[in-house]
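The next block holds one structure in the form of C-alpha cells; read it before the comments.
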Amino acid sequence: MELIRAFIAVDVEAPEVLEKIIRVQQDLAAVGADLKLVEPENLHFTIQFLGNITPAMVDMVHKAMREVRAEPFTVTLGGVGAFPAVRNARVLWIGALRGGEKLYEIYRQLEPKLRKLGFRPDKEFTPHLTIARVKSGRAREALARKIMELSKVEIGEVEVASVRLKKSTLTPRGPIYETLREVTFK
C-alpha cells in the first residue's frame, strides 16, 4: 500500500504578497548564506503535519476538517524570524502579526479530532510561514544581521477562506505539494 506524506495547511496565494516574500527571500540569500528557499507556490501555514497516511485516512482527515467552524478572515504577515534562534538559524520564517489567533483556533479545533484518529502534533503550534531552510553555517553572522534588519518588515495581508489537506512528494529539487481535499469557510 502506498503511503501519502500529508499535512493540513492554509496556502498563501495573493500575488502582491508573494512578490514581497520573494524580495525578502532574495535579501536573505544575498548575504551569501547557504539557503534553500521555499518556492512561491509552496508557501503555506502548516496547521498540522500528519506524516505518512494511508489513502483510506484521507477521507477520515477530510471529515475532521469539515467539522472546523470558521469564517473567512485576514492574516497580516510581517517580521522575519528564525527557529530555533536568530544566531543558530535552521528555519527562516515570516510571522503572523494579526490573525495568527484565528489560525491557532483552526488548529485548536482540529487537534483533538486528529488525535482521535491517532495523530499527535510533532511540535507546538506557532503560526509562521517558512520561507527558507538553512543548509550550513556559511555566512551565519551576516544572516543573523539580515534577519534582525528584517524583523519589522511589513509584508501585507492574505485572505484565509479555506484549509487544505496537502500531499507532499519529496524530490531531489524540493517537495511538490498537491491539494487532496479542501474545506471552504462560510
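With the working numbering applied, the sequence shown covers 4 to 189.
The beta-carbon is built from N, C-alpha and C at its ideal position, and this holds for glycine as well.
Keep in mind that this is a model prediction, so the values were computed, not measured.
Would a C-beta distance cut-off of 7 Å place alanine 73 and isoleucine 50 closer than the cut-off? In this structure, isoleucine 50 does not lie closer than 7 Å to alanine 73 by Cβ.
Could you tell me if lysine 138 is buried or exposed, where buried requires 16 or more neighbouring beta carbons within 10 angstroms of its beta carbon? exposed
Residue from Gln28, Phe188, Gly81, Val34 with nearest C-alpha to leucine 40: Check the Cα spacing between leucine 40 and each of Gln28, Phe188, Gly81, Val34: the tightest is with Gln28.
Per the DSSP calculation, arginine 167 is bridged to which residue(s)? Ala12, Glu185
Quick test of the definition: if touching needs 3 or more C-beta pairs under 8 Å, does the segment 88-100 touch the segment 129-147? yes
Glutamate 5 beta carbon less than 7 Å from that of threonine 77: Pairing threonine 77 with glutamate 5 gives a Cβ-Cβ distance that is not under 7 Å.
Tell me whether lysine 116 sits in a helix, a strand or coil according to DSSP, three-state version. helix
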